[in-house]
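Asker:
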Amino acid sequence: MYSFPEPPYFLLIFGLFAGMTSGAAFEATLKQKVQEWSKNRSTRTLAQMKGVQLQMPFLGIAAGICVFLAAGLEIFGFPWWLSYSISLPLTLFISVLVWSQLGKLLNQLERGGSKALDLDSIN
5 MYSFPEPPYF
15 LLIFGLFAGM
25 TSGAAFEATL
35 KQKVQEWSKN
45 RSTRTLAQMK
55 GVQLQMPFLG
65 IAAGICVFLA
75 AGLEIFGFPW
85 WLSYSISLPL
95 TLFISVLVWS
105 QLGKLLNQLE
115 RGGSKALDLD
125 SIN
């Protein structure tokens, strides 16, 4: 039977790759949604645009980072069950914080336009 090498370098690289590729897809989708909203200023709010097209890459980022963190802990000698029991709640907690912050940023962008997000203009 085939088994993975005992520090899981493959999982570390796979998690990093999955997180980065999902991040690129998330960025492209978010830019596309904001540009669509900016062009026609539809009645749909930006916060409501966080549909499946945006959630899937975000979940890919979260899953990739969870695997990356768990593999990193395993490389330092933690057993797999402890690594995932640490990385899964940590990833879920941070993902919820980032997703809620994204919603707040989109609402702020909708109310004040891109000038509301310009931190350099604050005196």
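According to our numbering, numbering within the sequence shown proceeds without interruption in unit steps and concludes at 127.
We put the CB at the ideal spot given by N, CA and C, even for glycine.
Only a predicted model underlies this, so the values are computations on that prediction, with no experimental measurement involved.
To which residues of the same chain is residue 99 closer than 6 Å at the C-beta, ignoring the five residues directly before and after it?
Answerer: Here residue 99 is taken as the residue at index 95 of the sequence shown, counted from 1. Residues 66 of the same chain have their beta carbon placed closer than 6 Å to that of residue 99, with the five preceding and five following residues left out of the count.
Asker: Compare the beta carbon distance of residue 30 and residue 61 with 8 Å and say whether it is the shorter of the two.
Answerer: Numbered from 1 along the sequence shown, position 26 holds the residue referred to as residue 30. Numbered from 1 along the sequence shown, position 57 holds the residue referred to as residue 61. Yes, they are a contact pair.
Asker: Among the residues of its own chain, which have a CB less than 8 Å from the CB of residue 115, if the five just before and after it don't count?
Answerer: If you number the sequence shown from 1, residue 115 lands on position 111. Same-chain partners within the cutoff: there are none.
Asker: Restricting to runs no shorter than 4 residues, where is the alpha helix (DSSP H) found entirely within the segment 14–82?
Answerer: Counting only unbroken stretches of 4 or more residues, the alpha helix (DSSP H) elements lying wholly within the segment 14–82 are 56–79, in sequence order.
Asker: Can you tell me whether residue 95 is buried or exposed? The criterion is at least 16 other CB atoms within 10 Å of its CB, across all chains shown.
Answerer: Counted from its first residue, the sequence shown places residue 95 at position 91. Under this definition residue 95 is a buried residue.
Asker: Starting from the C-beta of residue 76, find all residues in its chain whose C-beta is less than 7 Å away, skip the five residues before and the five after it, and write them out in chain order.
Answerer: Counting from one through the sequence shown, the residue named residue 76 turns up at place 72. Closer than 7 Å at the Cβ level, and outside the excluded window around residue 76, lie 16.
Asker: What residues in its chain sit with their C-beta under 8 Å from that of residue 90, if we drop five residues either side in the sequence?
Answerer: The residue you call residue 90 lines up with position 86 of the sequence shown. Contacts found: 73, 74, 77 and 82.
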